[in-house]
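Residue numbers for the sequence shown follow the working numbering, beginning at 13 and rising by one.
The beta-carbon is built from N, C-alpha and C at its ideal position, and this holds for glycine as well.
As the structure is a prediction and not an experimental result, all values here were calculated from the model.
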Amino acid sequence: MTISLQVLYPIKEDTNFNYEYYLNNHNALIKEAFSEHIKEMFVTKGNSGGPDTPPGYYAIYTFLFETQTDFDNAMAKVQPLLDDIPNYTNVTPQMLIGEVVG
Numbered sequence: 013m014t015i016s017l018q019v020l021y022p023i024k025e026d027t028n029f030n031y032e033y034y035l036n037n038h039n040a041l042i043k044e045a046f047s048e049h050i051k052e053m054f055v056t057k058g059n060s061g062g063p064d065t066p067p068g069y070y071a072i073y074t075f076l077f078e079t080q081t082d083f084d085n086a087m088a089k090v091q092p093l094l095d096d097i098p099n100y101t102n103v104t105p106q107m108l109i110g111e112v113v114g
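Shown next, in the form of structure tokens:
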């Protein structure tokens with residue numbers, strides 16, 4: 013069973029998001045912590061929420077793990093990633109953990 017983790021950064025009033033830091037620095041930390049456990053990972057930058065609608069999210073980072081054990085092992089290494097969040101945003105990320113079913 014493939015496990016997915018999505019980390020969502022919602023756009024709210026008086027928030028900011030530094031894409032350059034996120035992609036160049038934070039992403040390197042993610043790869044260092046998770047690389048041996050990840051099946052696939054990618055970042056989606058929010059461009060719109062539909063026709064003539066601004067995006068609801070700065071970015072969504074999607075991770076796919078082959079097994080629950082891989083997910084659990086990655087989560088055991090998550091603290092440095094959480095500590096780095098203030099370096100690129102003042103948004104509190106949302107998370108969705110689930111099972112890939114389709």
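(1) By the 10 Å Cβ neighbour count, where 16 or more other Cβ atoms means buried, how is TYR73 classified, buried or exposed?
(2) Opposite TYR21 in the DSSP bridges: which residues?
(3) What's the C-alpha gap between GLU44 and VAL113?
(4) Taking the alpha helix (DSSP H) that PHE83 belongs to, which residues open and close that run?
(5) LYS51 and LEU17 - do their beta-carbons sit closer together than 8 Å?
(6) I'd like to know if the stretch 76–89 and the stretch 20–31 are in contact, where contact means that at least 3 CB-CB pairs between them fall below 8 Å.
(7) Taking C-beta to C-beta, are GLY61 and PRO22 nearer than 8 Å?
Let me lay it out:
(1) With 16 or more other Cβ atoms within 10 Å, it is buried.
(2) DSSP, once it has assigned bridges, lists ALA71 as partnering TYR21.
(3) Cα-Cα distance, rounded: 28 Å.
(4) In the DSSP assignment, PHE83 falls within the unbroken alpha helix (DSSP H) covering 80–87.
(5) Between LEU17 and LYS51, the CB-CB gap reaches or exceeds 8 Å.
(6) With the cut-off at 8 Å, the stretch 76–89 and the stretch 20–31 do not touch.
(7) For the pair GLY61 and PRO22, the CB atoms are not nearer than the 8 Å cut-off.
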